[in-house]
Amino acid sequence: MIIDMHTHYVPADLADAFRGRKVPPYIETKEDGFEIFHMPHGPLAFPPSFVDMEARLGYMEEQGVARQVVSFPGLFGLDSIAADESLPLVKMFNDATAQLTESHSGAFSSMAALPFADMNLAVKEYKRARNELGLMGAILPVNGFVSLADAEKFRPIFEIAQDIGGHLFIHPGRRPDEVPETYDPNRRTPFSDSVPERMALVVQDRVAHCMVTLLFSDFLDPYPDVTLQVANLGGTLPMVIERMDQTAFTRGFDRPYPSEKSQRVHVDCSSLGPRALETAVALFGADRVVFGTDCPIFLTDWSKKAIDDARLSDVDREAILFGNAEELLERHT
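Numbering (the working numbering), first residue to last: 1129 to 1461.
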């Protein structure tokens, strides 16, 4: 059995709403019917697999996935635009994903989308998502946690999650203050070469900064009952944690060292391979790693192969594939 904690879904009526927009996030339909989702940082093919959840169920069966936890993709940028634009659209997503969860009992759990440009409205929608719709929690943007000052702006979400329960999923995505005042369709990437590779590094660097904020400050101390999942194995943090420890030692910092403070959150293995997984397990512990794929953007069998090829015990492999996720689901659904 496999539980996939990192997947995405775009309901059909929400996709139609994006087809009616002309600035990101929006969907462009080509003459041949091929569709492109225009995200804040660039375009992405938008196949029917984002929308067709009956086909998704068939794909899950083929892959041996018993349940997916679905969310609206953070990098699509919906939760960062002005609240008067985002609120009706995030409500559309939350209503649809609640219906999806109810109509396919046991196959899906759902994370709410929230309108972060107005934190009061975001808190209100979180309450509705948890208390009325029965959603598991909410998805938050990584860029909201790249510094402690940024994280403070999202504290109300942690406070309400501590109060009424919930699982928070921190996924690559921008903050509202990063939305440009005007949309420039000719805006170019800041990189002149190797653009996909450099963009991948930027994203994972920001995930690592998010982990530093969460793990090495007291931000999480008031929220012992909130479970937290950070995407992509915590970014580049596992690769540099030993350098952080050596820096702490050689400069005479008090213990605990960074590696000894790194077990406070869960991370998922979406889109990464066996060597990265081994490194993350060595740092966080197998009990803090959950299976994730970023389906349908990335391939489920890629993440399955990473689990198979990683040098892990059978006990650790089973914990990552389903055991750790089962505990989170039992707590919040």
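Backbone N, C-alpha and C define an ideal beta-carbon position, used for all residues, glycine too.
Could you tell me how far apart the beta carbons of SER1199 and ILE1292 are, in whole angstroms, since I believe they sit closer than 8 Å? So it is not a contact: roughly 19 Å between Cβ atoms.
What is the DSSP secondary structure of PRO1171, reduced to helix, strand or coil? strand
Backbone secondary structure at GLU1093 - three-state DSSP: In this structure the chain extends from 1129 to 1461, so residue 1093 is not present and cannot be described.
Report all residues from its chain with a CB closer than 6 Å to the CB of ALA1284; omit the five preceding and five following residues, and keep chain order. According to the sequence shown, residue 1284 is Pro rather than Ala. MET1247 and VAL1251, listed in sequence order.
Which runs of the alpha helix (DSSP H) at least 4 residues long sit entirely within the region 1352-1383? Give them in chain order. If we require 4 residues or more, the alpha helix (DSSP H) runs fully inside the region 1352-1383 come out as 1365-1378.
Hey, is the region 1369-1389 in contact with the region 1304-1313, meaning 3+ C-beta pairs nearer than 8 Å? Fewer than three beta-carbon pairs drawn from the region 1369-1389 and the region 1304-1313 are found closer than 8 Å, and the two stretches are therefore not classed as touching.
With H, G and I counted as helix, E and B as strand and the rest as coil, what does DSSP make of PRO1402? helix
Three CB pairs or more closer than 8 Å across the region 1264-1281 and the region 1159-1178: Of all C-beta pairs linking the region 1264-1281 to the region 1159-1178, fewer than three are shorter than 8 Å, placing the two stretches out of contact.
So, with DSSP's three-state summary, where would you put LEU1217? helix
Grouping DSSP H, G and I as helix and E and B as strand, with all else coil, what is PHE1297? strand
Tell me the DSSP secondary structure of ALA1328 in three-state form. helix
Close Cβ partners of ALA1143 (< 7 Å) along its chain, the five nearest in sequence each way excluded: Here ALA1143 has ILE1155 and VAL1179 as same chain residues with Cβ atoms under 7 Å from its own Cβ, once five neighbours each way along the sequence are excluded.
If we count Cβ pairs, one from each stretch, closer than 8 Å, do we get three or more for the region 1158-1166 versus the region 1417-1430? They do not touch, by the three-pair rule.
Here's the rule: buried if 16 or more other CB atoms are within 10 angstroms of the residue's CB, otherwise exposed. What is VAL1274? By the neighbour-count rule (16 or more Cβ atoms within 10 Å), VAL1274 is buried.
Would you check if the distance between the CB atom of VAL1409 and the CB atom of VAL1358 is smaller than 7 Å? no
Applying the criterion that 16 or more other CB atoms from any shown protein chain within 10 Å of the CB defines a buried residue, is ASP1437 buried or exposed? exposed
Hey, quick one: how far does the beta strand (DSSP E) through ARG1184 stretch, first residue to last? Taken as a continuous stretch (DSSP letters only), ARG1184 belongs to no beta strand (DSSP E), being part of the alpha helix (DSSP H) at 1181-1191.
Go ahead and pull the three-state DSSP assignment for HIS1232. Here DSSP, grouped into helix, strand and coil, assigns HIS1232 to coil.
Quick one: grab the DSSP three-state call for ALA1277. Note: ALA1277 maps to helix in three-state DSSP.
Enumerate in chain order the residues of its own chain whose CB-to-CB distance from GLY1362 is below 6 Å, with the five nearest sequence positions on each side excluded. MET1339 and VAL1395
Reducing DSSP to helix, strand and coil, say where GLN1227 ends up. Shown here, GLN1227 sits in a helix according to DSSP, grouped into three states.
Out of curiosity, what's the CA-to-CA distance linking HIS1460 and VAL1197? 12 Å
Cβ-Cβ distance between ALA1240 and ALA1257 below 7 Å: A contact, by the Cβ cut-off of 7 Å.
Proximity winner among GLY1413, SER1390, TYR1254 and PHE1426, relative to VAL1443 (alpha-carbon distances): Selected option, being the one with the closest Cα: GLY1413.
Taking DSSP as the reference, what is the three-state secondary structure of GLU1156? strand
Look at the alpha carbon of PHE1081 and the alpha carbon of HIS1136, and state the distance between them as a whole number of angstroms. Missing from the structure shown is residue 1081; the chain here goes from 1129 to 1461 and no further.
Against chain B, does ASP1349 count as a neighbour if the rule is that its beta carbon must be under 7 Å from one of theirs? Protein chains in the displayed structure number just one, and chain B is not present.
Starting from ARG1428 and walking both ways along the beta strand (DSSP E), at which residues does that stretch end? According to the sequence displayed, residue 1428 carries Thr and not Arg. Note, THR1428: premise wrong, no beta strand (DSSP E); alpha helix (DSSP H) at 1428-1437.
Closer than 6 Å: is that where the CB of PHE1282 sits relative to any heavy atom of the ligand NAP? The ligand NAP is absent from the structure shown, which contains no ligand whatsoever.
Pick helix, strand or coil for ILE1292, following the three-state DSSP scheme. It is helical.
With respect to the alpha helix (DSSP H) encompassing ALA1266, which residues constitute its N-terminal and C-terminal limits? No alpha helix (DSSP H) contains ALA1266, which is instead part of the beta strand (DSSP E) from 1265-1269.
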